[in-house]
Structures are given as structure tokens and as C-alpha cells.
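Asker: Below you will find the structure I want to go over with you.
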Amino acid sequence: MLSSKTLLDVLHKGRFGVVYEPIVCTQEQITYAYEALARFTTADGQKVPPDQIFRALHTNKLLLYQVELEMKHLQLQNASPHHTLFLNMDPDAFAVMRDEGDVHPLVQMFTDNRQTVIEIIENTSVSDAKISENMIQAFAKHKVPIALDDIGAPNSLLSLSVLMDVEYLKFDRSWVQRFHVPGYLEIFNGLIKYAEKTGKKTILEGVETEADLMLARHMGADYVQGFYFRDQFVEIPGQETPSMKLHKERGPAVIPDQNILFEEATPDMAEVEEVS
Ligand SMILES: [Ca+2]
Ligand SMILES: [Ca+2]
Numbered sequence: 040m041l042s043s044k045t046l047l048d049v050l051h052k053g054r055f056g057v058v059y060e061p062i063v064c065t066q067e068q069i070t071y072a073y074e075a076l077a078r079f080t081t082a083d084g085q086k087v088p089p090d091q092i093f094r095a096l097h098t099n100k101l102l103l104y105q106v107e108l109e110m111k112h113l114q115l116q117n118a119s120p121h122h123t124l125f126l127n128m129d130p131d132a133f134a135v136m137r138d139e140g141d142v143h144p145l146v147q148m149f150t151d152n153r154q155t156v157i158e159i160i161e162n163t164s165v166s167d168a169k170i171s172e173n174m175i176q177a178f179a180k181h182k183v184p185i186a187l188d189d190i191g192a193p194n195s196l197l198s199l200s201v202l203m204d205v206e207y208l209k210f211d212r213s214w215v216q217r218f219h220v221p222g223y224l225e226i227f228n229g230l231i232k233y234a235e236k237t238g239k240k241t242i243l244e245g246v247e248t249e250a251d252l253m254l255a256r257h258m259g260a261d262y263v264q265g266f267y268f269r270d271q272f273v274e275i276p277g278q279e280t281p282s283m284k285l286h287k288e289r290g291p292a293v294i295p296d297q298n299i300l301f302e303e304a305t306p307d308m309a310e311v312e313e314v315s
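Our numbering runs 39 ahead of the 1-based position in the sequence shown.
Spelled out as C-alpha cells, the structure:
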């Protein structure tokens with residue numbers, strides 16, 4: 040369990056990192072995009088599970104909002120300019136700022152950057168669903184595409200209106216194990232057909248082996264994602280990036296081409312340090 044001392048240190052010192060996971064074309068196996076994932080580290084370099092940080096942040100929505108804003112800046116700044124970037128957005132963080140006539144700061148960040156896609160997850164209650172709907176509309180108004188994340192994850196719900204509003208369907212990793220379970224295959228096939236007919240793209244997560252990739256190809260998913268492509272993951276480890284300075288205007292730091300390994304990403308660290 041995360042101690043308050045550790046949590047405060049990680050947040051106050053802004054020890055935020057990013058992992059960029061490739062989203063690969065199922066047929067040609069070319070990297071189409073990256074998904075940016077939040078990473079956090081302690082002062083002595085230990086990794087802190089992101090879910091623990093976000094769980095703690097949900098008890099303080101203002102802090103959650105601030106961290107989300109900073110994380111998104113970091114994730115945008117270090118992204119490859121040659122690929123589409125998928126970013127996860129927390130509806131609770133989004134809901135902190137009301138729409139008061141101005142463009143929402145979390146939308147504003149993406150209006151000049153047409154190569155980004157916002158990932159949202161389904162909610163577990165009707166009131167949460169309202170928050171998601173507002174968020175989708177705010178992004179849609181500015182033509183920022185949305186992906187529905189973790190479709191079919193255990194205990195998740197699927198709202199038809201959200202399904203209709205998004206451009207990408209991202210299937211949870213649990214599908215890979217489910218294809219031989221009667222009923223699931225038909226649902227998956229149905230959703231793939233629905234996506235094809237409505238011009239939406241599909242992504243299957245949790246691809247870990249060549250057999251999984253073959254299966255995804257057979258099932259007709261447009262893109263795949265998972266540990267099978269781990270040698271193409273690009274990680275910017277967390278280190279001190281004191282908060283407000285991240286918001287300075289600066290040119291994007293570039294992640295090198297897709298074959299780069301973890302260690303080789305360190306030149307970008309200098310860029311991050313420079314602003315700190
Ligand atoms: Ca995601
Ligand atoms: Ca996911």
C-alpha cells in the first residue's frame with residue numbers, strides 16, 4: 040500500500056514518466072500509433088503502480104486534475120511526431136473544470152494537434168455516463184477523435200450511445216482468451232462488422248504471442264497492441280519535473296523511430312530535465 044509520504048513526494052516532485060506502447064496494423068505489422076501510459080517513480084527510482092496513484096488521486100479531484108494536465112503535457116511533448124498518439128483521459132479529472140464558455144483546458148491542448156485520439160473507458164453508473172457524454176461532446180466539438188477503451192473488460196458496461204459516438208473500438212485483453220468461449224465470438228464478430236459498416240477502426244489489446252496476432256488477423260481487427268511488441272515500447276522514466284515549469288512553451292521532444300530501445304530514449308530525459 041502506498042504511504043501518504045511516498046504519494047506526496049511523487050506528486051510534489053512530479054516524478055512522472057511515460058511509456059509509449061505501439062499500436063500496430065494487424066495486416067502489415069507497421070506501427071500506426073502509440074498509446075501513452077502514465078508511469079510514476081519514487082525518489083530512489085522504484086516504480087509505483089499507476090493504479091495506486093490514481094486511486095489516491097480520486098480522493099482529491101483538484102489534484103487529480105492538475106496531475107492529469109501535467110501528464111498530458113508530458114505525453115504530448117515526448118511523443119513521436121510521425122505517429123498518431125492515443126491518450127487516456129480520466130472523466131473525473133475532466134469534470135473538475137466546468138464548461139464556462141471557454142474551451143476546456145484539457146480539450147484546448149488537443150485542438151491544434153490533429154494527430155491525437157482520446158481514450159475513454161466505460162463507466163459503471165448512469166451519473167458517470169453523463170460525465171463521459173459531456174466529455175465526448177466537448178472533444179467532438181473540436182474534432183478530436185475518441186476511442187472507447189477496454190471494451191468487454193470484466194465488470195465493465197457498454198453504452199450504445201457511447202459506442203456510436205466514438206471513432207475507435209479498443210477491445211480489452213480478456214477477449215484473446217474468450218474467442219473459444221461460445222457466445223463471445225459472435226459478439227466480437229458483430230462488433231467488428233458494426234465497426235466496418237460505420238467506418239470505425241478496431242484495436243485488439245493483449246496480443247502477447249504470434250498465435251494471438253494470427254488470431255487477431257483472422258478475427259478482422261484493424262490494429263493490435265500488447266507485449267508481443269514489447270521491444271518497440273519506448274519508455275521515458277519518471278524523474279523530477281517540477282509542475283508548473285512543464286507548461287512552458289517549447290518544441291516537442293521527439294521519440295526516435297519505432298525500433299528504438301528503452302536505453303536509447305535517454306537523450307529525451309535531458310530535454311525533460313532542461314525544463315525542470
Ligand atoms: Ca487505454
Ligand atoms: Ca486498454
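Using N, Cα and C, we set each Cβ at its ideal position, and we do this for glycine too.
Since the structure is predicted, the reported quantities are computational estimates derived from the model, not experimental observations.
1) Heavy atom of ligand 2 less than 7 Å from the Cβ of D129, yes or no?
2) Run through the DSSP bridge pairs and tell me what Y73 is partnered with.
3) For I231, which residues in the same chain have their Cβ closer than 8 Å to its Cβ, ignoring the five residues on either side in sequence?
4) Taking C-alpha atoms, which residue in P221, L197, H219, G222 lies nearest to F210?
5) State yes or no: is the C-beta of V188 nearer than 7 Å to some heavy atom of ligand 1?
6) Any heavy atom of ligand 2 closer than 7 Å to the beta-carbon of E109?
7) Does L187 come out as helix, strand or coil in the three-state DSSP assignment?
8) From I159 to D129, what does the alpha carbon distance come to, in whole angstroms?
9) State buried or exposed for P221, treating a residue as buried only when at least 16 other CB atoms are found within 10 Å of its CB.
10) Just mark V142 as buried or exposed, buried being the case when its beta carbon has 16 or more other beta carbons within 10 Å.
11) Let me check you understand the geometry: is the CB of K240 closer than 7 Å to at least one non-hydrogen atom of ligand 2?
12) In three-state terms, what does DSSP make of K240?
13) Go ahead and label D83 buried or exposed: buried means 16 or more other beta carbons lie within 10 angstroms of its beta carbon, across all protein chains shown.
14) Quick one: using the 10 Å Cβ neighbour count with 16 as the cut-off for buried, is K180 buried or exposed?
15) Please report the distance separating the alpha-carbon of Q68 from that of L145.
16) L208: which of S195, F218, L243 sits nearest, CA to CA?
17) Residues in the same chain with beta-carbon distance under 6 Å from L76, minus the five sequence neighbours each way, listed in chain order, please.
18) Using a threshold of 7 Å, is the CB atom of E244 nearer than that to any non-hydrogen atom of ligand 2?
19) Does the beta carbon of D151 fall short of 7 Å from some heavy atom of ligand 2?
20) In whole angstroms, what separates the C-alpha of D204 from that of Y233?
21) Identify, in the order they occur along the chain, each residue of the same chain with its Cβ nearer than 8 Å to the Cβ of T81, setting aside the five sequence neighbours on each side.
22) Can you tell which of L103, M253, K169, V156 has the C-alpha that lies nearest to the C-alpha of F178?
23) So is Q20 buried or exposed if we call it buried at 16+ other beta carbons inside 10 Å?
24) Would Q114 and L126 qualify as a contact pair, given that the criterion is a beta-carbon distance under 8 Å?
25) How would you label P184, buried or exposed, when you count the other beta carbons within 10 angstroms and need 16 or more for buried?
26) Quick one: does the C-beta of D90 sit closer than 7 Å to a heavy atom of ligand 2?
27) Just to confirm, is the Cβ distance from I170 to A134 under 8 Å?
28) Out of curiosity, what's the CA-to-CA distance linking M283 and I275?
Answerer: The answer reads as follows:
1) no
2) P61, L124
3) T241, M258, G259, A260
4) L197
5) Correcting the residue identity first, residue 188 is Asp in this sequence and not Val. For ligand 1, at least one heavy atom lies less than 7 Å from the Cβ of D188.
6) no
7) strand
8) 7 Å
9) exposed
10) exposed
11) no
12) strand
13) exposed
14) exposed
15) 32 Å
16) L243
17) V58
18) yes
19) no
20) 13 Å
21) T45, D48, V49, R54, V87
22) V156
23) Since the displayed the chain opens at 40 and closes at 315, residue 20 lies outside it and no answer follows.
24) yes
25) buried
26) no
27) yes
28) Unreliable positioning characterises M283 in this predicted model, as indicated by a pLDDT of 35, which lies under 50. A coordinate reading is not provided.
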